[in-house]
Structure formats: structure tokens, C-alpha cells
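**Student:** Below is the structure I would like to discuss, written out as C-alpha cells.
There are 2 protein chains.
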Amino acid sequence: MTEPAPPRGFPTSEYQTRLNRAQTLMADVGLAALLLTTEAEVRYFTGYLTRFWESPTRPWYLVVPACGDPVAVIPSIGAALMGQTWITDIRTWSAPDLSDDGVSLLGETLREVCKTGKIGVPSGHESHLRMPLVDFDRLKDGLGAGQVTDDAGIMRRLRLIKSSAEIAKIRQACTIAGRAFARVPRIATAGTPLEQIFRRFQMLCLEEGADWVPYLAGGAGPDGYADVISPATSAPLTNGDVLMLDTGIVWDGYFCDFDRNFSVGHPSTIAAHAHTQLMDAVAAGLDAARPGQRAADIFHAMDRTTTGGAGGSDAGRNGHGLGMQLTEWPSFIAHDHTVIEPGMVLTLEPGVETRDGRIMVHEEDIVITQTGAEFLSPRSGNTLTVI
Amino acid sequence: MTEPAPPRGFPTSEYQTRLNRAQTLMADVGLAALLLTTEAEVRYFTGYLTRFWESPTRPWYLVVPACGDPVAVIPSIGAALMGQTWITDIRTWSAPDLSDDGVSLLGETLREVCKTGKIGVPSGHESHLRMPLVDFDRLKDGLGAGQVTDDAGIMRRLRLIKSSAEIAKIRQACTIAGRAFARVPRIATAGTPLEQIFRRFQMLCLEEGADWVPYLAGGAGPDGYADVISPATSAPLTNGDVLMLDTGIVWDGYFCDFDRNFSVGHPSTIAAHAHTQLMDAVAAGLDAARPGQRAADIFHAMDRTTTGGAGGSDAGRNGHGLGMQLTEWPSFIAHDHTVIEPGMVLTLEPGVETRDGRIMVHEEDIVITQTGAEFLSPRSGNTLTVI
């Protein structure tokens, strides 16, 4: 039985809750405002959803003040779409403007909403500033020395915990990708070029309901592949290969991120054993994934199974957060001590080296509940799927 | 007759030419190195092509020294794929590393290759720095005051002019999207929800040969739509609507960016007239697009046709550069005085307001030749296509 898709968008109350949480955290550290520049940051508080971020030309700004509603300072090309969100204070300029691309308007807005206190810009791990550096320097000069600081990790803290409405969207993305993966045996046969399989797989994702397919990587080879981030080559799939496809599709602005391995013909002993190891590692990770544990604990649980506790691989981690972006905080590594909490959406992504220069990686998506964790992706079987 | 697809990738000589051009420009301004952090910048000198940039977690660095070959300073997860490019000096760390995410390694590398002179980071219009601000500050502190400066517009200057091999890839992307657009009448019929048309159109792009579909926006309504950047809604296409689809597909790392308008049923007088105006504007833009003209001249040529010379619209410009990214420099606006040169790939994108709150926009892709310009996208007919 297919569950109905969740509703698109969020009620305004969702954004008000996010804003209240943000303003509580801002009050704790004395920030007068947050200045946000990236797609996910702007969308988090506004619901502004467009693929137009693919164009690097124009900067977009959102000011989240310590009191009151967010103010959008954006190119006029976005005014109509931003006007459909709950945001009412929308200030625009005609971008691109080569002499002043919104910097004065942004500076005025910040001076208006920040009577006292500093302006926090996300500056830590996994963040970046999506505006030209010369404009950032000009903005800082205009505001006065020391007025701009980091956001004290507030955006990370907020986005680490997903609401039930967010989780429903991620589950929907997982369900769609799961249906596409189930149809892979129909498109991936020995002799088919990998690039053709990649194209057909993306079409399956769309046909099953993906809004778009921002991420697909994979590989194929005997007993595994060299990495997990490569695009397709024209090499034909060959009997004896292990084929891996790893996708992040988007549904209503939320990602899934999981992969599947397939054996072309009867799996080798090495590949079959690796798959079992990966399933054991996922089970160990799932078992460790409960409130109060730390990200490092989940790493060690999986790492004990895959490397005997050697401490990881070239991939650098075996899982991570997930949500509005393909990958988010935390990381399942030995040194990430983030405390696991209900509402976190995470991937379990163990990898094993099958032989020199070849790996197999498996990935599932889970959500942390009050007592443990449950799968959002349709959990893989213990046997490698043969195609 | 279908022309054969160009070869994938580039010969090493293409990268050496790019490097030589960069080093000549660096010598002119006395830069010891370029420090690059974004997907397009890194790929420009390396050919490193992966969709893994969708993950914001890990920073990636490329150091282009004043003499010698580029040095990649990257997460170990990318070592295998970077090893397939012409780059031989690849330095990796196990990312994510929460205490030192490549900053020390990058600092050492920069100190090694930069004996004298400053390090240029792209900082101007349409650029951003893809690394955490705290890491950038740490890097600058480690290198010493004033060691990091902007890139003097070098990356912009290099990427403005495309090689014939690059143009062939953009032409291929245009050809593929053109074939998909030709099939729109089969998927877009009155009663079909817009979101379903968007999904099917992306599938057509893939079926016709797109590697992936990073961009699709559009809209539908009587006599036009409210903007050109919106994602799909669930509203059904209705008789009398003008449907617009604007796509940027990728083929071997290069984009097309053009749109098509369709009339659902017989076009209104307003829509038919607007289409004619847009075709006239494209013709005027094409006529103005030749070496020695300026970006502003092409703007004015189109603007005279669409607004009678009023000076533009909310979209902010009526065309732009195109290549490794959906949009690149220059902009067709009144104040962009970039001199047009052979090898520039540009979009002509005039828009008209059809009635209060509604617009129609048309877009084609062209390449500047020695004497003028030619179309890369299959030029639209003078009559609005009826579906």
C-alpha cells in the first residue's frame, strides 16, 4: 500500500517556530541579527524554493533580526516568488548592478534592524558565504569594525533537528528513490554503457516522483569500484561487475541520500562477503543510533564491523546528517562528539575495501526517535541483488 | 542529419593553454598564485568533473602557481578521481576533520609555491569563496598580513572566452535541449499539472542525451507568467495559457541555457504580439552581437525593441554569458561595458511585460565569431508554437 504524499510547503507556524528557536539562541549569545546568504539558509526561514540558485550571478540576502520577522534583501527578479512566501518585508534592487549589487541596501537594512549587538554570519564547518568577498568587505567597512562575527553555530544547531513535517518530506524523497532503485534491474544489463544506466536511472527517479535529481554518482567493476563520487563513463556494464548507484533526489526541497549495490550475474565470494559486512555494519550503526549517544559512537560501531576498529577509510566518514542539503552535520567520524537527539536525520554509510584500490559502500537513511532510530530508506536485504 | 557528439573531456593541451594564459595574466599583476575553491574554478584547470560538489561538507582547493603546474589540495575521498586528470601533484587529507579541515595542508602548499608575491582569490562580481570563513581567516593569519588579495579579475578574464572545444560542448548541450523542446507538445496538454510537465520535460532532456538537468524553471498563464525562476506548481495547464520552460542541461560539464514559449490553443493577440516583439528583440540583439561592440550595446539593441528604450525590467538584464555555469559574465545591462570578443558564448534573453504582473521572456544561445555571431540553440520560429 502506498502512503499518500505529504503536503507541499509548510504552514507559516513552521517558520515561526524556526524563527522563535533562532531568536532564543540569538538572545543567548547577544546577536542582533543573522545575515544569511546561501540557498538552504534563506529557504530555512522563508520557504523560498527555486532552482535559480544554480545561477551564481546574483547574491541573495536574508536578515533575521533578534526581534521581529525576517527581512529579504533580494534581486527584483525574485520579488514575485518571494512574495508568495510568508515574508512580508521584501526589499529589492535591480541585479546585477556592477557598482552596488545590493550592498548599500543590505547595509541600510542591517543598520535599521540592529540597534545594538553584532551580526552573525554562518562561518563554521560546512558553511560558506555566498557573496563576493569584495562586497563582504565593503559591507563590513560600512557597518564598522567588529560588527560582523560568526553565528555561534546557530544555523547548525537549528538545522540539526528536523521537524516532523521536514521528516515527512525526507521520507517521501526516500520512498521515491527506493521505487527507482527497485526498477534498476530493468535498465542495467550487461553490455549497457554506464552513462546510459545513469541517464535511465535519473529518468526512473523523475517518473517515480522526484522533483529533480541533484545528485547521482556511482561506479562498476569486479568486486567494487575505485570511489563513490564519480560520474558515469561510457564503459559497458560487464558480467561479474558490482554496480553501485548513489543518489540524492529532491522532493519539495528535501533530499534523500542512499545507494544500492547490484551484482551483474552471480556475485563473487569477495563481493558477497563485503555486502554481508556492510549489512552488519548498518545493523551495528542502527543499534548505536539513539538519543544520548554521540556521532563518534555510531562511527565506532560501524568501524568495528568494517575495519575491525582501524579508524575509517579514505571516504573520511561513514555517515552524516541529511535534509535540505545532500549532506549536513554531524559526521560519523572518531572526533565528532555531537550528541544524537530525536529528530536528527542521518545516513549510515559504511564502506569496505574489497581488494587493492576497490571498495564497496552501502548507505541507508534513518531518523532518530525518542528511543532509537528507524529507517527512512527502504532497508536493503542481506543478499546482494543480482541483475 | 545529426552531427556526431564531440569527444568527452579535453586533451591535456587545453589545460596547458588555460594555465599559460593564467600565468601570463598573473605575471602582469605580480600574483604568486591563484587560490581556487569553487567547482567551476577547480574544474577549469583540472577537468575534475563530479556531482559531489552538491555536498557542502568538504572544501576543495586548487593552487595555481605563477610557474609550474597546479596543485590540488583535496579531501582523500576525491584522490582516485583527481588522479584520472592531468594533475599530478595531489595532496589529500582525511576530510571532514573538525580541528583542521585541510587548512594547514593548504597553508603549507601556498608557502611552498609562493616564494614572493601575493595569492589571488576570485573576489569580484559573480564569485564567492567556497570554504568556511573561519578557515579562510585562519589561513590568512597563517600566511601573514596582506598575503591574500583578489585575483585581479583573472578568472573572469579567462573564462569569458571559450575555446572551440568548449563551444562544441555547449553546442551539444543546446542541441540536446532543442530536441527535448521539440517534443514538448507531446507531454504538455491542457489539463496536465505543471509539475508533471516539468518532470516529463526533464526525462525528455535525459532521453535526448543530457548528462543531468541542473536547471528547469518556468510558468504558465494567460498572456504570460509572473516570473521566470519559479519551480512547478500542481496547477493544470489550461487552454489559453502561455507555457514557458527554461532549462540548463549539462553535457560533459557544459551548460545550455534557453527557453521556449508555447501557446495552449490559439494564442491571444497579446501573446502573439509579445512573441513577435521578442523575436524582433533577438534579431536586434544578434545584429548587435559582434566583436568590438560592448555588452551594453547589445542590451540597448534589445531594450529598444522590447521597452522602446525604457532601460530594462525586473529581470535586471536581457542576457548573459554561459559555459561551465548556467550564467556567467558579462550581463546585458546598460552599465556593463565589457567588450565583445570572438569565443564568447552568450544568451539573448529579452522580456516583455504583456499586462500587469505578467511577462513573456525568450532566450537563445549564441557564440561570437570573428565577424558576428551564430546561434548555438536551434533558433525559434517567428510564430508561437501552439500545443
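Taken in sequence, the protein lines are chains B and S. For what it's worth, the numbering used here labels the leading residue of the first sequence as 65, then goes sequentially. For what it's worth, the numbering used here labels the leading residue of the second sequence as 65, then goes sequentially. C-beta: ideal position from N, C-alpha, C; glycine also.
Quick check on DSSP: helix, strand or coil for Lys233 (chain B)?
**Tutor:** In this structure, Lys233 (chain B) counts as helix in the three-state DSSP scheme.
**Student:** Considering only their Cβ atoms, is the gap separating Gly142 (chain S) from Gly111 (chain S) smaller than 8 Å?
**Tutor:** Going by C-beta atoms, Gly111 (chain S) is not nearer than 8 Å to Gly142 (chain S).
**Student:** Report the neighbours of Met267 (chain S) on chain B: residues whose CB is nearer than 7 Å to its CB, in chain order.
**Tutor:** Within 7 Å Cβ-Cβ: Met267, Leu270 and Glu271.
**Student:** Name the two residues that bound the continuous alpha helix (DSSP H) containing Glu272 (chain S).
**Tutor:** Looking at the DSSP string, Glu272 (chain S) is not in any alpha helix (DSSP H), and its letter there is neither H nor E.
**Student:** Look up Met195 (chain B) in the DSSP assignment and say whether it is helix, strand or coil.
**Tutor:** Looking at Met195 (chain B) - three-state DSSP - the assignment turns out to be coil, as it is neither helix nor strand.
**Student:** With DSSP collapsed to three states, give me the class of Thr110 (chain S).
**Tutor:** Three-state result, Thr110 (chain S): helix.
**Student:** Under 8 Å between C-beta atoms, does Thr114 (chain B) make it to chain S?
**Tutor:** By this cut-off, Thr114 (chain B) is an interface position.
**Student:** Closest by CA to Ala290 (chain B), which one among B:Ile423, B:Met146 and B:Val212?
**Tutor:** Per the Cα distances, B:Ile423.
**Student:** Per DSSP, Lys182 (chain B) is paired with what?
**Tutor:** Looking at the DSSP assignment, Lys182 (chain B) forms a beta bridge with B:Leu95.
**Student:** Please tell me whether Pro160 (chain B) and Arg381 (chain S) are closer than 8 Å, where the distance is taken between their beta carbons.
**Tutor:** Taking 8 Å as the Cβ cut-off, Pro160 (chain B) and Arg381 (chain S) qualify as a contacting pair.
**Student:** Unbroken beta strand (DSSP E) runs of length 3 or more, entirely within the stretch 355-400 of chain S: which are they?
**Tutor:** List check, beta strand (DSSP E) in window: 383-385 and 392-395.
**Student:** Rounded to whole angstroms, what's the CA-CA distance from Pro70 (chain S) to Asp316 (chain S)? Just pull it up for me.
**Tutor:** One C-alpha to the other measures close to 10 Å.
**Student:** Shorter than 8 Å from the beta carbon of Val306 (chain S) to some beta carbon of chain B?
**Tutor:** It does not; no Cβ of chain B falls within 8 Å.
**Student:** Roughly how many angstroms lie between the CA atoms of Val292 (chain S) and Met388 (chain B), to the nearest whole one?
**Tutor:** Between Val292 (chain S) and Met388 (chain B), the C-alpha separation is close to 23 Å.
**Student:** Alpha carbon to alpha carbon, what distance is there between Glu271 (chain S) and Met65 (chain S)?
**Tutor:** Confidence at Met65 (chain S) is low in this model, with a pLDDT of 46, below 50, so the placement of that residue should be treated as unreliable; the coordinate-derived value is given next. Approximately 18 Å between the Cα atoms of the pair.
**Student:** Count the CB pairs spanning the stretch 398-412 of chain B and the stretch 347-366 of chain B that are closer than 8 Å, and state whether there are at least three.
**Tutor:** The stretch 398-412 of chain B, when compared against the stretch 347-366 of chain B, does touch it at the 8 Å Cβ threshold.
**Student:** Return the chain-ordered list of same chain residues with a C-beta closer than 8 Å to the C-beta of Pro134 (chain B), the five sequence neighbours on each side being excluded.
**Tutor:** Excluding sequence neighbours, Pro134 (chain B) sits near Leu83, Phe109, Thr110, Leu126, Val127, Val128, Ile151 and Asp153.
**Student:** What residues in its chain sit with their C-beta under 8 Å from that of Gly376 (chain S), if we drop five residues either side in the sequence?
**Tutor:** Closer than 8 Å at Cβ, skipping near neighbours: Phe363, Asp367, Asn382, Ile397 and Ala398.
**Student:** Residues of chain B with CB under 8 Å from Gly376 (chain S), in chain order?
**Tutor:** Those are Ser158, listed as they occur along chain B.
**Student:** Between Val185 (chain B) and chain S, is any beta-carbon pair separated by less than 8 Å?
**Tutor:** Yes - at least one Cβ of chain S is within 8 Å of the one on Val185 (chain B).
**Student:** Do you know offhand how far Gln236 (chain B)'s Cα is from Trp117 (chain B)'s?
**Tutor:** Their backbone Cα atoms lie some 23 Å apart in a straight line.
**Student:** Given a threshold of 16 other Cβ atoms within 10 Å of its Cβ, counted over all protein chains shown, does Glu413 (chain S) qualify as buried or as exposed?
**Tutor:** It is buried - the Cβ of Glu413 (chain S) has at least 16 other Cβ atoms within 10 Å.
**Student:** Ignore the nearest five residues each way along the sequence and tell me which others in Ile240 (chain B)'s own chain have a CB closer than 7 Å to its CB.
**Tutor:** Counting only Cβ-Cβ distances below 7 Å, and skipping sequence neighbours, we find Cys269, Glu272, Gly273, Ala274, Ile313 and Trp315.
**Student:** For Thr433 (chain S), report the span of its beta strand (DSSP E) as first-last.
**Tutor:** Per DSSP, Thr433 (chain S) belongs to no beta strand (DSSP E) and is neither H nor E.
**Student:** Looking at the C-beta of Ser395 (chain S), does it have a partner C-beta in chain A at a distance below 8 Å?
**Tutor:** Of the chains in the structure shown, none is chain A; the protein chains are B and S.
**Student:** Please list the partners that Trp124 (chain B) has in chain S, where partner means a Cβ-to-Cβ separation under 7 Å.
**Tutor:** Chain S residues near Trp124 (chain B): none, gap ~11 Å exceeds 7 Å.
**Student:** Do Leu440 (chain S) and Ile138 (chain S) have their beta-carbon atoms positioned less than 8 Å apart in this structure?
**Tutor:** No, the pair does not count as a contact, with Cβ atoms beyond the cut-off.
**Student:** Leu280 (chain S) and Gln260 (chain S) - do their beta-carbons sit closer together than 8 Å?
**Tutor:** No.
**Student:** Note the first and the last residue of the continuous alpha helix (DSSP H) segment covering Arg453 (chain S).
**Tutor:** In the structure as shown, chain S starts at 65 and stops at 451, and residue 453 (chain S) therefore has no counterpart that could be examined.
**Student:** According to DSSP, is Ile240 (chain B) helix, strand or coil?
**Tutor:** Three-state DSSP puts Ile240 (chain B) in a helix.
**Student:** Considering just the uninterrupted stretch of the beta strand (DSSP E) at Ala136 (chain B), what are its terminal residues?
**Tutor:** Where Ala136 (chain B) is concerned, the enclosing beta strand (DSSP E) stretches over Val135 to Pro139.
**Student:** Quick one: is Glu428 (chain S) near chain B, going by C-beta distance under 8 Å?
**Tutor:** It does not; no Cβ of chain B falls within 8 Å.
**Student:** Which of the three DSSP states, helix, strand or coil, is assigned to Trp124 (chain S)?
**Tutor:** If DSSP states are grouped into helix, strand and coil, Trp124 (chain S) belongs with coil.
**Student:** If you measure from the beta carbon of Gly380 (chain S) to each beta carbon in chain B, is any gap under 8 Å?
**Tutor:** Interface residue, yes.
**Student:** Should Gln11 (chain B) be flagged as near chain S, meaning a C-beta pair shorter than 8 Å?
**Tutor:** With chain B covering 65 to 451 only, the question about residue 11 (chain B) has no answer from this structure.
**Student:** Assign Cys178 (chain B) to buried or exposed, taking buried as 16 or more other Cβ atoms, counted over all protein chains shown, within 10 Å of its Cβ.
**Tutor:** Classification of Cys178 (chain B): buried, given that the 10 Å Cβ count is 16 or more.
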